[in-house]
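Peer 1:
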RNA sequence: GGGCGUGUAGCACAGCUGGAUAAUGCGUCGGCCUCCUAAGCCGAAGAUCGCGGGUUCGAAUCCUGCCACGCCCGCCA
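In the numbering used here, the protein residues as written are 318 to 906.
What follows is the structure in structure tokens.
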């Protein structure tokens, strides 16, 4: 539709310039119609009233009558002060078939934009399995990665591995000091973990972590002090770049991380690069950074020698001290994050981070510090947490839904549905479809809502396979695939472009939706709003279903060439769009 | 206490760079399989856009006060 807007814009410019109205004054007002029954593009004329010295209604009428007749437009109407433009269906059909609407593709043929984007997402501490809450980051991040690729950007998906500090220290300590019996005894009051995952390292080792946390909290004072001393020693060593300790940490968390990545892999999520937090301690860049920060005008030192920046001078409200060095000289998580970001800027021209809302303050501090170092702050996509109907999702309280369990349940329920709907399919085929449907439903359920909305996880919604869900879009795609199979090898009955009067509503609506496709993708990528594209894909599927209802592509053994071309275009957009959402575009279901 | 975010039909959610009759899905009620896969299609009912004030020709959208909920306010990560 952007194309149409540009066409209208160029003609409008002449008309309005005669009245002395500059393009800048109205260009943002020329927009997609809110009231789609009235037109496709609308210009509200109210603000011209004083310049024209006419009522808005008359201005719109005047503009409508003097607007030139164009092939691209079916009508130009004035309604109550609005100037409404309706796209000509024949023009839309020609535009769609002439490939002016770029057909996106997640894997190949993308138009390159030349933009290099580094998207960091997930970066979860490798201390236990993903629950649905933590997975929102991965799903949002991976969708963003895919949409950027679909749009033609060069994208690198990066996982920042938290391989030092307290959390990994606790895990490493536990694995060394606690036996399986110790762990079982410490966690005896908890629900036993699912037998299904006993061999999966993330589910296995998290018990050591939990047991250690329990000891740190509940053991007698003497024992607690001993444990704290041992862990502190490890953490301290890691923060000073002790390679032996870091290596032992790695052997503690690596299997956990691999287990977590296996879960993500089932959802179609993968990473191009992994960068370890310790890298920047070991290579000296953190120490160098701290010296640079010391020299800043807003830097200051606390009584015990700790270093901080007074970000209040840069507009930060509330607590304004941002500590980057402890009294003992070691770095903090945030310091390393600044060093990491400096390095990231050396790798790419655009940085995007996906972070939970709890990181907002931290991200602000890091951003301000980067600006203080004459570097840009990264773009950040913040998301709110997923709650359970019973309350907050928390590993500690055992109040969680593990992604592994959700996927198993989703698969089982999807398989039931397939079996019921397609009893003729064999076991293998059912399993394949069920897996695609299950993972798609789970991803889509999360990605379709705006990230800042804190939503409550409900099984029945995550496992909905009807309209408004991923399977609805997948189903429209399988219909298009089915038509393509049927049409293969058949003779064409005609290949004429129909006239407007011959075009049914379903066809026109599909053309309209296809014309919007890349506008939505572009906006989704520019504004970091994956849900916009997800919702557009629902619209596209709905529009395709309307086309399917109104236009017979294959009839009496003959293929309508025109309708088939439109169907094929929609099929390609559905396929690539589904891939952009991380959904396997299966051809039958 | 301070900062940030959210509040839209029974439920969930879109719209928030101001524009017309507030979009969509679930649920409810009613209809459609001799016809390219009915995981579909068609129709109906259902909304004081949290509450009050302000700006404007025009406010769900901007400003302001209040209320409710979430997150943050470690020399933790």
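Glycine residues also receive a C-beta, built at the ideal position from the N, C-alpha and C atoms. The model shown is predicted, which means the values in this text are computed figures rather than measured ones.
1. Does the contact criterion of 3 or more C-beta pairs under 8 Å hold for the segment 652-659 versus the segment 679-696?
2. At a cut of 8 Å, does the segment 404-418 reach the segment 827-836 through at least three beta carbon pairs?
3. Might you give, ordered along the chain, the residues of its own chain that have their beta carbon closer than 7 Å to the beta carbon of residue 588, omitting 5 neighbours on each side?
4. Roughly how many angstroms lie between the CA atoms of residue 422 and residue 575, to the nearest whole one?
5. Taking only three categories from DSSP, how would you classify residue 680?
6. In this structure, does DSSP put residue 427 in helix, strand or coil?
7. Between 406, 571, 445 and 544, which lies nearest to residue 520 when the distance is taken from Cα to Cα?
8. Helix, strand or coil for residue 592? Go by DSSP, reduced to three states.
9. Just to confirm the assignment, what range does the beta strand (DSSP E) spanning residue 436 have?
10. Take residue 568 as the anchor and find which of 735, 649, 486 and 362 has the nearest alpha-carbon.
11. Which residue's Cα is closest to the Cα of residue 334: 547, 466, 738 and 380?
12. Can you tell me which of 350, 630 and 764 puts its alpha carbon nearest to the alpha carbon of residue 847?
13. Give every residue of the same chain whose Cβ lies closer than 7 Å to the Cβ of residue 491, excluding the five residues on either side of it in the sequence, and list them in chain order.
14. Tell me whether residue 422 sits in a helix, a strand or coil according to DSSP, three-state version.
15. Please state whether the Cβ-Cβ distance between residue 694 and residue 797 is less than 8 Å.
16. Using the Cβ count rule (16 or more neighbours within 10 Å means buried), how would you classify residue 582?
17. Can you check which of these residues, 855, 827 and 899, is closest to residue 881 by C-alpha distance?
18. I'd like the list of long-range same chain contacts for residue 552, defined as Cβ closer than 7 Å, with 5 residues on each side in sequence excluded.
19. Below 8 Å on the Cβ atoms is my guess for residue 472 versus residue 436; work out the distance and round it to an integer in Å.
20. For the alpha helix (DSSP H) holding residue 838, just list the boundary residues, first then last.
21. Between residue 356 and residue 403, which are expected to be in contact by the criterion C-beta below 8 Å, what is the C-beta distance as a whole number of angstroms?
22. Please state whether DSSP places residue 788 in a helix, a strand or coil.
23. Taking the DSSP output, what are the residues bridged to residue 872?
24. Could I get the ranges of all uninterrupted beta strand (DSSP E) runs contained in the segment 324-376, with 3 residues as the minimum, in chain order?
25. Over what stretch of residues does the beta strand (DSSP E) that includes residue 474 continue unbroken?
26. What ranges does the alpha helix (DSSP H) occupy inside the segment 556-586, keeping only unbroken runs of at least 4 residues that lie completely in it?
27. Counting pairs of beta carbons, one from the segment 328-346 and one from the segment 382-396, are three or more of them closer than 8 Å?
28. By Cβ distance below 6 Å, which residues in the same chain neighbour residue 621 in space, the five residues on each side in sequence not counted?
29. Rounded to the nearest angstrom, what separates residue 451 and residue 586 at their Cα positions?
30. Between 363, 578, 392 and 751, which lies nearest to residue 440 when the distance is taken from Cα to Cα?
31. Identify whether residue 448 lies in helix, strand or coil by the three-state DSSP scheme.
32. Helix, strand or coil: which one does DSSP assign to residue 742?
33. Going by other Cβ atoms of all chains shown within 10 Å of its Cβ, with 16 needed for buried, is residue 843 buried or exposed?
34. Going by CA-CA distance only, name the one from 321, 374 and 328 that's closest to residue 348.
35. From 812, 638 and 605, pick the residue whose C-alpha is nearest to that of residue 619; which is it?
36. Reducing DSSP to helix, strand and coil, say where residue 747 ends up.
Peer 2: With the given structure in hand:
1. They touch, by the three-pair rule.
2. Three or more beta-carbon pairs separated by less than 8 Å link the segment 404-418 to the segment 827-836, which places the two stretches in contact.
3. In the same chain as residue 588, and ignoring 5 residues on each side of it, the C-beta atoms closer than 7 Å to its own belong to 474, 475 and 476, in chain order.
4. Residue placement at residue 422 cannot be trusted, given a pLDDT of 42 that sits under 50; what the coordinates show is reported in the next sentence. Their backbone Cα atoms lie some 30 Å apart in a straight line.
5. Three-state DSSP puts residue 680 in a helix.
6. The predicted model places residue 427 with a pLDDT of 49, which falls under 50 and marks its position as unreliable, so this point remains unresolved.
7. For the set 406, 571, 445 and 544, the Cα lying nearest the Cα of residue 520 is the one of 445.
8. DSSP, read as helix, strand or coil, puts residue 592 in strand.
9. 433-437 is the span of the beta strand (DSSP E), which, as asked, contains residue 436.
10. Ranking the options by Cα distance to residue 568, first place goes to 486.
11. Measuring from the Cα of residue 334, the nearest candidate turns out to be 380.
12. Restricting attention to 350, 630 and 764, the CA atom closest to the CA of residue 847 is found in 764.
13. 525, 526, 528 and 529.
14. Unreliable positioning characterises residue 422 in this predicted model, as indicated by a pLDDT of 42, which lies under 50. The coordinate reading is nonetheless provided below. In the structure shown, residue 422 sits in coil (DSSP, three-state: anything other than H, G, I, E or B).
15. No.
16. Burial is judged here by how many other beta carbons sit within 10 angstroms of a residue's own beta carbon; residue 582 has fewer than 16 and is exposed.
17. Checked all of 855, 827 and 899; the closest Cα to residue 881 is 827.
18. Close CB contacts of residue 552 within its chain, under the 7 Å cut and outside five residues either way in sequence, are with 482, 483 and 486 (chain order).
19. The beta-carbon distance between residue 472 and residue 436, rounded to whole angstroms, is 6 Å. This is short enough to meet the 8 Å contact definition.
20. Per DSSP, the unbroken alpha helix (DSSP H) holding residue 838 starts and ends at 822-843.
21. By a beta-carbon distance limit of 8 Å, residue 356 contacts residue 403. Their separation comes to about 5 Å.
22. Residue 788 falls in the helix class under three-state DSSP.
23. 875.
24. The segment 324-376 contains these whole beta strand (DSSP E) runs: 358-361.
25. Counting along the chain, the beta strand (DSSP E) containing residue 474 begins and ends at 471-478.
26. Listed in chain order, the complete alpha helix (DSSP H) runs (minimum 4 residues) inside the segment 556-586 are 560-583.
27. Yes: the two stretches touch, three or more of their Cβ pairs being nearer than 8 Å.
28. Cβ neighbours of residue 621 beyond the five flanking positions: 644.
29. If I take the Cα positions, the gap works out to 14 Å.
30. Comparing Cα-Cα distances from residue 440 to each of 363, 578, 392 and 751, the minimum goes to 578.
31. If DSSP states are grouped into helix, strand and coil, residue 448 belongs with the strands.
32. The three-state reading of DSSP puts residue 742 in coil, since its state is none of H, G, I, E or B.
33. Residue 843 should be labelled exposed.
34. Nearest of 321, 374 and 328 to residue 348, Cα basis: 321.
35. The shortest C-alpha separation from residue 619 is found at 638.
36. Looking at residue 747 - three-state DSSP - the assignment turns out to be helix.
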